[in-house]
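Protein chains in written order, with my numbering: chain A, 1 to 533; chain B, 1001 to 1335. Glycine is no exception: its CB is placed at the ideal position from the N, C-alpha and C atoms. Just so we're clear, the structure is a prediction, and the values are computed from it rather than from any experiment.
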Amino acid sequence: MKKMYRAAAVVASFALALSIAGCAPNANSNSGSNGGDTGDSSAASQSLTLAYSEGGKTLNPAEANDGTSDTLVLAAYDQLVTYGTKEQDGKRVSDTATIVPMIASEWSVDDTNTVYTFTIREDITFHSGKTLTKTDVVRSFQHIADSSSASFLYGMAGISTVEEGEGNTVIITLTAPNHLFLQILPMYSFSMLDMDEVEKNGGAEWLSTNTAGSGPYIINSWDPATEAKLTRNEDYWGDEPQIDTINMKFIGDASNRLQLLKKDSVDVALEIAPKDLQGLDGTNGITVDSRPSNKILFFAMNNNVAPFDNEKVRQAITYAIPYDKLLTDVMKGEASPMRSSVASSTPGFTDAGNNATYDLDKAKQLLAEAGYADGFTFDFTLGSGFSDWNDDAVLIQAELAKIGVTMNIQNMARAQFLEALAGKNVQAYISRWTSFVNDPGYHLGLLMTDNGTSNYMNYHNAEVNELWAAAATEPDADKRSEMYGKMQEIINTESPWAYLYEYNIAVAHSDDIAGYTSYPDGLIRFFQLSITE
Amino acid sequence: MRTVLRRIAAMIPTLLGVIVLIFLITRVLPGDPARTLAGENAADSVVDKLREDMGLNKPLWQQFFDYCAGLFQGDLGFAWHTGRPVAEDFATRFPATVELALAALLIGILIGIPLGILGAMYRGRLADHVARVVALVGASMPLFWLGLLVISLFYGTLGWAPAPIGRIDDSMNPPTTITGLYVIDSILTGDMAALGSVLAHLFWPAMVLSVGAIAIISRMTRSAMLEVLGQDYIRTAQAKGMGPGKVIGGHALKNAAPSIVTIVGLELGQLLGGAVITETIFSWPGVGNYVVQSINATDYAPVQAMTLLAAVIYLVVNLLVDVSQGIFDPKVRNA
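In structure tokens:
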């Protein structure tokens, strides 16, 4: 009897499932043909598939802070102004010192250098169909000021008030003259949003998985676990984007991204390991576009902790770093020498005061002068997650051993490492840095001044602090550049860091893709790309 | 029936223990989630603001209370590293993992059990040695290496396998969601185009994932069969002139079934957890992949939810295995 019941239940549940199925539409009803949406049939349409390592965290422009999220934001949103571009060695690169119009067609600044008046274009519509107005701009700035992440940049730009002006203008008043202001505005964080749409959907929370922009692409779907699909905004106010559909694939494994590119399953692969890039260029119709970036790697020594509180000891270390080996053996040529605390592509870069070369005799001599003729032992903290850091640390350890210095490598998980850094007690560590705002003031202010929030090695020099404060409000670009040069010289001499290298950003793509332009943030702007046949 | 209810009631303290333990363990883990989320370039003000948003500035007991209160309302928390509720993330990813684990288990059963039977029947002969080597290789093969090898060979060189991304071809729409398991959904909707693509995508990662299961199932089947084959009633059956097929299938296998079912049940739990590496290598959008990312991001909620879910699955599978023993063995039925 019991068995009968069980059988009946099974039959009933199966019948139920079938009846539900009967109502459900079949997603690929034209069985046989592929019911996809890539539209290979029409010759005019161009589509592009890119392999990213991560799927991103949020679509909210003011909260995004990882490469994939930022890329999606730049595709879906416009900013008030943007960076210019220029040709350099036959490649298109950004010209971050030149700011060009975007949503604002023009702007002016008053005599005090604190009141900026932006004229807003009147022909821009959001994806929702609503026309972009000065009210949206003002409210977008409020959204940024209220955010967790970008509010920091808002403060750094020195914005005091944002108000609607006469006609179609927006007036932004700064607390003091600030040359960083215009350089920060083109960042993805300062995207202009359709705030009516945001409000209608319950506020900022909604923005983390939806967009309300006016940008060149519309994000149709986004699943951080698998992929994002974008289509061209057919009503875009600016130059029409060439490619009409973009598929971003999120592939965690680097060797798989490479395989997919080789097999032509994707058109562009990012974040390929330097060793895999060797020999890839020119094979199978693949181009490797590897360019210097302003992403730097440095070996930081804690100025508050012995023996690195001694300048001579720090200098000795800079002479014991095997610079060439790091570039060739670890980075396989996918990096270039770093000669100052700012990247060499930063305006105002100078390597004055930096004499460090690989010279063990000089290192020994400096150690003897510092009273450490017999060497010393120190703890080095290695954050996990980047294989090159690991290789660098081992090579440096071997060289330091030759001058009698014992470097104990302590491995730490990345989360733990970041927390330890924030405590400012780590004796020595390797870390990387990318200044999205390509300006020495931004860079040095965060890393090398007393108030710098990322000055984890406790570097302190009163003159550097004063120069930085003076440069921040100096309107004359040449005078400013001089001050930043002087700061770099002091830092180069005092050596709170040993400079390891400047990373290349390498994008491997099939030969027929054109228009790729590199930016300091390393992000790809899809609207610049096209496919040549 | 009463036994089953008693067993279910006994799960409650276990689950409570799991909840308290995992909450404490994630809190004791080094690393500040807000700092990790904000990244190394972030200012302290940003980190503080995030910490406040995440509720990490509250005292521990209050965080625990909030977490438990959320659990009772079916709220598994918020996954900061994806910017979505954990339950939502699980809903899209869990079916993928279940499908992969079930497929691997099926392969494990289809290959492992016959292999084990062969080994027992021809003990000490060639077939037994072959089965032993297969099991040894399967048990000792590092999954990530095998996965990369399979991709490189069958996708890269031979071109038999589809691109190792996702569960279905890019050009294809996923089948209409009914169960979330693509194979079943495409059969139910009669979507043969999708079915072909889904099976092609499922086959390779499932094969890779199943190697461990094949090894364990075949070894356990072999020893269970050997034990049974030495019993008097087998000799009696053979003496009566019963054919080897009937002896093995009718008598031996039926008596060895309880041990085999136990190991298969335990293996399902293993597979659900072990999918992590396979999912990462094949870009399979399941929970394994997701939990690894959560751990890297010190994102508490998804890790807690996954642990809780794993505990529930383990308990349920255990219960099912125990109950199923009754089907084979009348002595257990009323115990």
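Residues of chain A with CB under 8 Å from residue i, in chain order?
i	result
TYR1155/B	GLN259 and LYS263
PRO1205/B	Result: empty, since nearest Cβ-Cβ is about 12 Å, beyond 8 Å.
GLU1040/B	LEU418, LEU421, SER431, ARG432, TRP433 and SER454
ASP1032/B	ALA415, LEU418, GLU419 and ALA422
TYR1300/B	Ordered by position in chain A, no residue passes the 8 Å Cβ test against TYR1300/B, which lies about 11 Å from the chain.
Whose Cβ in chain B lies nearer than 9 Å to the Cβ of residue i?
i	result
ASP361/A	What ASP361/A touches in chain B: nothing, since even the nearest Cβ is about 35 Å away.
LYS57/A	LEU1037, TRP1080, HIS1081, THR1082, GLY1083 and ALA1297
THR96/A	None at all; the shortest Cβ gap to chain B is about 17 Å.
ASN458/A	Within chain B, no residue comes near ASN458/A; the closest Cβ sits about 15 Å away, beyond 9 Å.
ASN247/A	ASP1170
Kindly list, in the order they appear in chain B, the residues whose Cβ is closer than 8 Å to that of residue i.
i	result
ASP534/A	As displayed, chain A neither begins before 1 nor continues past 533, which places residue 534/A out of reach and without an answer.
THR226/A	ILE1165, GLY1166, SER1283 and PRO1285
Buried or exposed for residue i, please, with buried defined as at least 16 other CB atoms from any protein chain shown within 10 angstroms of its CB.
i	result
GLU240/A	exposed
ALA1010/B	exposed
ASP478/A	exposed
HIS1129/B	exposed
ALA1135/B	buried
TYR154/A	buried
THR223/A	Reading off the sequence, residue 223/A comes out as Asp, not Thr. ASP223/A should be labelled buried.
GLY1245/B	exposed
GLN1073/B	exposed
GLU1052/B	exposed
GLN142/A	exposed
GLU463/A	exposed
ALA1339/B	Past the edges of chain B, shown from 1001 to 1335, lies residue 1339/B, and the structure says nothing about it.
ASP1032/B	buried
LEU18/A	Here the model assigns LEU18/A a pLDDT of 47, short of 50, so the residue's position is not dependable, and the following value carries that caveat. Exposed, since its Cβ has fewer than 16 Cβ neighbours within 10 Å.
ASN304/A	exposed
In chain A, which residues lie with their C-beta within 7 Å of the C-beta of residue i?
i	result
LEU1016/B	The premise fails here: LEU1016/B is roughly 28 Å from chain A at the closest Cβ pair, so nothing lies under 7 Å.
ALA1043/B	PHE152 and THR453
LEU1148/B	SER255
ASN1318/B	Chain A residues near ASN1318/B: none, gap ~21 Å exceeds 7 Å.
Can you name the residues of chain A whose CB is closer than 9 Å to the CB of residue i?
i	result
ARG1035/B	ALA415, LEU418, GLU419, LEU421 and ALA422
THR1280/B	GLY252 and ASP253
Among the options, which one has its Cα closest to the Cα of residue i?
i	options	result
ILE403/A	THR318/A, TYR501/A, VAL100/A and ILE524/A	THR318/A
PRO520/A	LEU529/A, ALA343/A, TYR501/A and LEU72/A	ALA343/A
GLY1341/B	LEU1271/B, LEU1268/B, THR1221/B and GLY1273/B	The question about residue 1341/B has no answer here: the residues shown for chain B are numbered 1001 through 1335.
THR175/A	ILE513/A, THR82/A and THR114/A	THR114/A
ASN1318/B	LEU1226/B, ILE1263/B and LEU1016/B	ILE1263/B
GLY165/A	VAL266/A, SER108/A, MET192/A and GLY285/A	SER108/A
LYS134/A	SER208/A, THR245/A, ASP196/A and GLN88/A	ASP196/A
ASP289/A	GLU489/A, THR82/A and HIS509/A	HIS509/A
SER140/A	ASN411/A, ASP123/A and THR161/A	THR161/A
THR536/A	TRP237/A, ASP253/A, ASN220/A and ILE251/A	For chain A, the structure presents residues 1 to 533; residue 536/A sits outside this window and is missing.
GLU1279/B	MET1207/B, VAL1247/B and GLY1119/B	MET1207/B
LEU1105/B	PHE1282/B, GLN1270/B and LEU1118/B	GLN1270/B
SER384/A	ASP267/A, ARG414/A and VAL266/A	ARG414/A
PHE540/A	LYS275/A, GLU163/A, MET156/A and MET192/A	Chain A is shown from 1 up to 533; residue 540/A falls before or after that span and cannot be answered.
ALA150/A	ASN168/A, PRO177/A, GLY129/A and PHE190/A	PHE190/A
ALA420/A	PHE1328/B, PRO1030/B and GLY1112/B	PRO1030/B
GLY1265/B	GLN1304/B, VAL1323/B and ALA1252/B	VAL1323/B
HIS1081/B	LEU74/A, ASP66/A and GLY90/A	ASP66/A
PRO963/B	LEU1115/B, ALA1161/B, HIS1251/B and ARG1084/B	What is shown of chain B runs 1001 to 1335, which leaves residue 963/B out entirely.
LYS541/A	ASP95/A, LEU80/A, GLN79/A and ASP78/A	Residue numbering for chain A in the displayed model covers 1 to 533; residue 541/A lies beyond these limits and cannot be assessed.
Which chain B residues are close to residue i, counting only those with a beta carbon under 7 Å from its beta carbon?
i	result
ILE251/A	ILE1165 and SER1283
SER208/A	GLY1083
SER148/A	VAL1046, LYS1049, LEU1050 and ASP1053
How many whole angstroms separate the CB atoms of residue i and residue j, which I take to be in contact at a CB cut-off of 8 Å?
i	j	result
ARG92/A	ILE103/A	With a Cβ gap of about 22 Å, ARG92/A and ILE103/A do not count as contacting.
SER1210/B	ILE1107/B	4 Å
TRP433/A	LEU447/A	7 Å
ILE513/A	ILE531/A	6 Å
PHE1078/B	ALA1301/B	6 Å
ARG314/A	SER53/A	Not a contact, Cβ separation roughly 35 Å.
ILE1217/B	SER1197/B	No, ILE1217/B and SER1197/B are not in contact; Cβ-Cβ is about 29 Å, not under 8 Å.
GLU63/A	SER208/A	7 Å
Practice prompt. Select from the stretch 1152-1178 of chain B all residues with a C-beta closer than 8 Å to any C-beta belonging to chain A, and list them in chain order.
Written response: SER1152, TYR1155, GLY1156, GLY1159, ALA1163, PRO1164, ILE1165, GLY1166, ASP1169, ASP1170, SER1171, MET1172, ASN1173, PRO1174, PRO1175, THR1176 and ILE1178
Item to complete: Check each residue of the stretch 1047-1079 of chain B: if its Cβ is closer than 8 Å to any Cβ of chain A, include it; give the result in chain order.
Response: VAL1047, LYS1049, LEU1050 and ASP1053
Worksheet item: Just by C-beta distance, which residues in the stretch 49-82 of chain A are closer than 7 Å to chain B?
Response: LYS57, THR58 and ASN65
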